[in-house]
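Have a look at the structure below before the remarks.
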Amino acid sequence: MSGSLSMKAGDVDLQALLGAVAEGDGVAFKTLYGRTSSLLFGLVIRIVRDRGRAEDITQDVYLRIWQKARSFAPDQGTPMAWMTTIARHRAIDALREKPLQPIDADEGTRLLDRLTPLGDPQSAFADANALRHCLETIEEPARSCIVLAYCDGFSREELAEKFAAPVNTIKTWLHRNLLALRACLEAEP
Amino acid sequence: MTDAEVVLAAEYVLGTLSDAEAQSVARQLETDQDLRALVTWWEQRLAPMAALNDRVPAPDALWSRIEAHLPAARDLAASAESAAVVELRGALRRWRTAAAGFALLAASLAFVGIAIDRHYRRDLGASYIAVVNRGGDQPALIVRVDVPARKISVRPLAAEAPSGRSLELWYIGKDHAPLSMGVVEKAEQMPLPAAFAAENASFAVTLEPPGGSPNGNPTGPIVYSGQLLKE
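Encoded structure:
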């Protein structure tokens, strides 16, 4: 299931839950976990590609959320983006420590298609429309590089292998297109 | 901001920097507010991509492992539990004397009380209760679930909608979309939804256009909520 509908109702109060967690409220923390763990566990599994490791990492991610909740600043963005950042950092660190065989990730572009149903102003990710639009302005294969790096944790070297290009070419693609992506996103409301 | 800094921050967020580069950025972030702001900007703007992944329910045991690592987790749970029980008893007492009437609480857009779910049992013959409120306040509604009779009864106590809006009650089960239980106006009974499961269930009240949500999904802010407890 997409989860977008239940997220819509639930995310209204993620910020309040996180505030309570910052005060050491264990019940709020359990509720926060119940609302967000399938999303964070899903993204960690996708990056580390191993269920057992993903469980260990997700455990660590929630303990970090518990410890760092006080440092969440609502004026700097959504709770979901904040928690996502913690989970991605931890998952990518783990992946770099113990790399796996690159998977066949032809679905980078297919994944991108799934941004469409996220164009929901009330979702946790209110910027989904802008991001989709701007990613669509990025030409392939640079667009897939960005999506595969974000969603699958591909390193420059893995991207180079996948696209049969030198690492320096990947760097150039990223450099040019990340600047274009920023310019586009800044022009979006 | 130079282009190089913009790209450095973006690649830091994407995770495409080398270990040495990433560690250097991490150190720089401790003191460089501008770079910190740039990284935060990218984290926020790229975050919608995280929702592209399939959600994967975490195994039940994972929460127990997390809870076991929380400092004084037991104390926290115990104090929250006793608070919830006290709140529940108080709510029941007030409910029994509800004929005396309650002063209406002005509906607030502020969130929300969370009761505790440690009372859950997988006992399908049981009845359950949710005290739907805004935190420490007087309960707004009592939702009672009688599983053997397949009935839900709703009793508004102190729930008030701003004029021109309706309060709509939603059943929120595990892993599925909120299910409308109808607009809250007066005490009433309704059949138990087929999808009902007591575990992790909660009820929430949102502020909707007159007569309820136009599309069957919650459209307004949550003004009250409460989790289901075994009675």
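Protein sequence lines, in the order shown, are assigned to chains A and B. Our numbering numbers the first residue of the first sequence as 33 and each following residue consecutively. Our numbering numbers the first residue of the second sequence as 21 and each following residue consecutively. For glycine and all other residues, C-beta sits at the position ideal for the given N, C-alpha and C.
Q.
Can you list, in chain order, the residues of its chain with a C-beta nearer than 8 angstroms to that of Arg-102(A)? Leave out the 5 residues immediately preceding and following it.
A. Ala-54
Q: Could you check which residue in Ala-30(B), Gly-240(B), Ala-217(B) and Pro-238(B) has the C-alpha nearest to that of Leu-248(B)?
A: Ala-217(B)
Q: Determine the extent of the beta strand (DSSP E) in which Thr-22(B) is found, giving its start and end residues.
A: Where Thr-22(B) is concerned, there is no enclosing beta strand (DSSP E), given that its DSSP letter is neither H nor E.
**Q.** Below-7 angstroms beta-carbon distance, Thr-201(A) vs any chain B residue
**A.** no
Q.
The beta strand (DSSP E) that contains Ala-150(B), what's its start and end?
A. 147-152
Q. Quick one: is Phe-227(A) near chain B, going by C-beta distance under 7 angstroms?
A. Past the edges of chain A, shown from 33 to 221, lies residue 227(A), and the structure says nothing about it.
Q. Residue range of the beta strand (DSSP E) that Arg-67(A) falls in?
A. Arg-67(A) -> not in any beta strand (DSSP E); alpha helix (DSSP H) instead, spanning 58-80.
Q: Please confirm if Ile-86(B) has its CB atom under 7 angstroms from at least one CB of chain A.
A: With 7 angstroms as the cut-off, Ile-86(B) counts as an interface residue toward chain A.
Q. Can you round the beta-carbon distance between Glu-25(B) and Leu-58(B) to whole angstroms, since I take them to be within the 8 angstroms contact cut?
A. 6 angstroms
Q. What are the boundary residues of the beta strand (DSSP E) that Ala-172(A) is part of?
A. Note that residue 172(A) corresponds to Glu in the displayed sequence, not to Ala. Per DSSP, Glu-172(A) belongs to no beta strand (DSSP E) and is neither H nor E.
Q) Taking Leu-289(B) as the reference, which of Ala-29(B), Leu-189(B) and Ala-178(B) has the closest Cα? A) The question about residue 289(B) has no answer, for chain B in this structure spans 21 to 251.
Q: Could you name the residues of the region 49-76 of chain B whose beta carbon sits closer than 7 angstroms to any beta carbon of chain A, in the order they occur along the chain?
A: Thr-60, Glu-63, Gln-64, Arg-65, Leu-66, Ala-67, Pro-68, Met-69, Ala-70, Ala-71, Leu-72, Asn-73, Asp-74, Arg-75 and Val-76
Q: Look at Leu-46(A) and Pro-68(B) and say whether their C-beta atoms are less than 7 angstroms apart.
A: Result no, Cβ atoms of Leu-46(A) and Pro-68(B) do not sit closer than 7 angstroms.
(Q) Is it buried or exposed, Glu-63(B), if we count other Cβ atoms within 10 angstroms and call 16 or more buried? (A) buried
Q. With 7 angstroms set as the bound, which would you pick, yes or no: does the beta-carbon of Thr-36(B) sit closer than that to a beta-carbon of chain A?
A. yes
Q) With 16 other CB atoms within 10 Å as the buried threshold, where does Glu-171(A) fall? A) exposed
Q) How would you label Ala-215(A), buried or exposed, when you count the other beta carbons within 10 angstroms and need 16 or more for buried? A) Classification for Ala-215(A): exposed.
Q: Report the three-state DSSP secondary structure of Lys-171(B) (helix, strand or coil).
A: strand
Q | Within chain B, the residues that Ile-90(A) reaches when beta carbons sit closer than 8 angstroms | A | Reading the sequence as shown, one finds Thr at residue 90(A) and not Ile. The contacting residues are Ala-78 and Leu-82.
Q. Quick one: Cα of Leu-206(A) to Cα of Glu-180(B), how far?
A. Taking the straight line from one Cα to the other gives about 54 angstroms.
Q) Three-state secondary structure (DSSP) at Glu-220(A)? A) coil
**Q.** Sheet register partners of Trp-190(B) (DSSP bridge)
**A.** Ser-200(B) and Ala-224(B)
**Q.** C-beta atoms of Gly-74(A) and Asn-220(B) nearer than 7 angstroms
**A.** No, the pair does not count as a contact, with Cβ atoms beyond the cut-off.
Q: Take Asn-209(A) and list the residues in its own chain whose beta-carbon comes closer than 6 angstroms to its own, dropping the five residues that flank it on each side.
A: Ile-170 and Ala-174
**Q.** Min CB distance Ala-30(B) to chain A below 7 angstroms
**A.** yes
Q: Between the Cα of Ile-192(B) and those of Gly-66(A), Ala-60(A), Lys-100(A) and Ala-52(A), spot the shortest distance and give me the residue it belongs to.
A: Gly-66(A)
Q: Express the C-alpha separation of Glu-208(B) and Leu-187(B) in angstroms, rounding to a whole number.
A: 14 angstroms
Q: With a cut-off of 8 angstroms on the beta carbons, I'd call Asp-39(B) and Arg-81(A) a contact; round off their distance for me.
A: Going by Cβ atoms, the distance from Asp-39(B) to Arg-81(A) rounds to 20 angstroms, so no, they are not a contact pair.
(Q) Only counting the same chain, and skipping five residues up and downstream in sequence, which positions put a Cβ closer than 7 angstroms to that of Ala-119(A)? (A) Only Leu-72, Leu-75, Val-76 and Val-93 meet the Cβ criterion.
Q: Closer than 8 angstroms, Cβ to Cβ, to anything on chain A: give me those residues from the region 216-233 of chain B, in chain order.
A: Asn-220, Ala-224 and Thr-226
(Q) According to DSSP, simplified to helix, strand and coil, what is Leu-248(B)? (A) strand
Q.
Run through chain A and tell me which residues come within less than 8 angstroms of Asp-166(B), C-beta to C-beta.
A. Per Cβ cutoff of 8 angstroms: no residues; Asp-166(B) is ~25 angstroms from chain A at best.
**Q.** Contact set between Ala-196(A) and chain B, taken where Cβ atoms lie within less than 8 angstroms
**A.** In chain order: nothing, as chain B lies at least about 17 angstroms away.
Q: Thinking Arg-185(B) and Pro-238(B) are a contact (beta carbons under 8 angstroms), I'd like their distance in whole angstroms, please.
A: Contact flag wrong, Cβ pair sits at about 13 angstroms.
Q) Of all Cβ atoms in chain A, is any one closer than 7 angstroms to the Cβ of Leu-26(B)? A) Sequence check: residue 26(B) is Val here, not Leu. Yes, contact with chain A.
Q. Around the Cβ of Gly-246(B), are there at least 16 other Cβ atoms within 10 angstroms (buried) or fewer (exposed)?
A. buried
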